[in-house]
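In full-length UniProt numbering, the protein residues as written are 1 to 191. The C-beta atom is built at its ideal place from N, Cα and C for all residues, glycine as well.
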């Protein structure tokens, strides 16, 4: 994903305080998630910059398969800095040894049903490429079992969007159990 794609697809209205808390990565097209189990992201407020932009702590947790021992918990930490262009645009910088790496992302699909005084219940994020992964899209929800209409709204949104239509190809469900099957979300779901 290019910076231009991320800028063009990111939502205009976004409240980072409503995005704090635990998110389940429900569907994605980032290949790094194909062999991982139950990936989550937890956002918390890191600080507010003098110009009003917000920085978020970004904790990614998942289970990765290790030879001879099976699946073990793994985590990555970083800081997301809100960019001045849009409230929904951020730059991620890793923590520790990953501090050398950055990635840009933007929120492209945001819960429009929950009142503004409550946390978002679903969002989608578009990511730029890094040395470790190609760019892609994550659909994240507060639970692993969101209402069916959330997925359908997201699929329709991607099909109708001139940029996201091609960028959302080959999205698949993340796994919560060890299995070799990957399920793609190409069509609308039924209850």
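Query	Result
Keeping to the same chain, check which residues put their C-beta closer than 6 Å to that of residue 81; ignore five residues upstream and five downstream.	55 and 91
Alpha carbon to alpha carbon, how far is residue 138 from residue 130? Give it in angstroms, no decimals.	15 Å
Can you give, in chain order, each stretch of the beta strand (DSSP E) that sits fully within the stretch 115-177 and has at least 3 residues?	122-127 and 136-141
Between which two residues does the alpha helix (DSSP H) containing residue 7 stretch?	3-9
For residue 58, count neighbouring C-beta atoms within 10 Å of its own C-beta (all shown protein chains included) and say buried if the count is 16 or more, exposed if not.	buried
Check whether the Cβ atoms of residue 22 and residue 144 lie closer than 8 Å to each other.	no
Out of curiosity, what's the CA-to-CA distance linking residue 77 and residue 60?	6 Å
Secondary structure at residue 183, three-state DSSP: helix, strand or coil?	coil
Just the Cα atoms here: how many angstroms apart are residue 3 and residue 46?	24 Å
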